[in-house]
Every structure is written in C-alpha cells, then in structure tokens.
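At position 68 of the sequence shown the residue is numbered 76 (the numbering used here), and the sequence of numbers has no breaks. Note sheet for the following structure.
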Amino acid sequence: MLHMIDDNLEAYRRAVETRAKAEVNWYNDPDTDTTELRACREEEQLRLDGLKSIIGMAIREAAAEEPHNPFAING
C-alpha cells in the first residue's frame, strides 16, 4: 500500500507543478486561452482525489488489523 501512496503523491506533485507553470504562463499573457489552465486544474484535483482515496484505504486497512481493531477479541 505504501508504494501506491508514493505513486499517487508523486503524480499529485507533478500535477501541481504543471498547474503552476500554466498559471505563470497565463499571468504573463492573460489574453491566452484558459483551456490549458482549466485542464491542469482539473488534473490536479483528480490527482488529489486519488491520493486522498489511497490514504483513506490505507487507514481503513490498518484499522482493520487485529491490534488496532477495537472489536477484535483479544485472548
């Protein structure tokens, strides 16, 4: 599960970087089409949602393990 978190974190980092570059380009020339900037923002949001989902899955998986589960029967 840790490798999935790492992969999603890296994808989110790249999406933030790409969005930041698109914003700089747009701020330097505000008359340009905003389609690229909008697409970058959507991609960043998708990557963030994916990262949150993977982290949530990891937390639920860890919580379901015996030592962490409050409903587990401890001999």
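No residue lacks a Cβ here, since even glycine has one placed at the ideal position from N, Cα and C.
If contacts are defined as beta-carbon pairs under 8 angstroms, then residue i and residue j qualify, I think. What distance do you get, rounded to the angstrom?
{"i": "alanine 30", "j": "glutamate 50", "result": "Incorrect: roughly 11 angstroms between the Cβ atoms, too far for contact."}
{"i": "glutamate 52", "j": "arginine 21", "result": "Rounded, the Cβ-Cβ distance is 10 angstroms, inconsistent with contact."}
What is the residue span of the alpha helix (DSSP H) that residue i lies within?
{"i": "glutamate 73", "result": "Neither: glutamate 73 is in no alpha helix (DSSP H) and is coded neither H nor E."}
Out of the options, state which residue places its alpha-carbon closest to the alpha-carbon of residue i.
{"i": "asparagine 124", "options": "Ala47, Pro38, Asn33 and Leu59", "result": "Outside the displayed span of the chain (9 to 83) sits residue 124, for which this structure offers no information."}
{"i": "alanine 19", "options": "Leu56, Thr42, Ser61 and Asp37", "result": "Leu56"}
{"i": "arginine 46", "options": "Ala23, Met9, Ser61 and Ile63", "result": "Ala23"}
Residue i to residue j, Cα distance in whole Å?
{"i": "alanine 72", "j": "alanine 66", "result": "10 angstroms"}
{"i": "threonine 40", "j": "asparagine 33", "result": "9 angstroms"}
{"i": "glutamate 74", "j": "glutamate 25", "result": "40 angstroms"}
{"i": "histidine 11", "j": "glutamate 69", "result": "15 angstroms"}
Classify residue i as helix, strand or coil using the three-state DSSP reduction.
{"i": "aspartate 15", "result": "helix"}
{"i": "aspartate 57", "result": "helix"}
{"i": "methionine 9", "result": "coil"}
{"i": "threonine 40", "result": "coil"}
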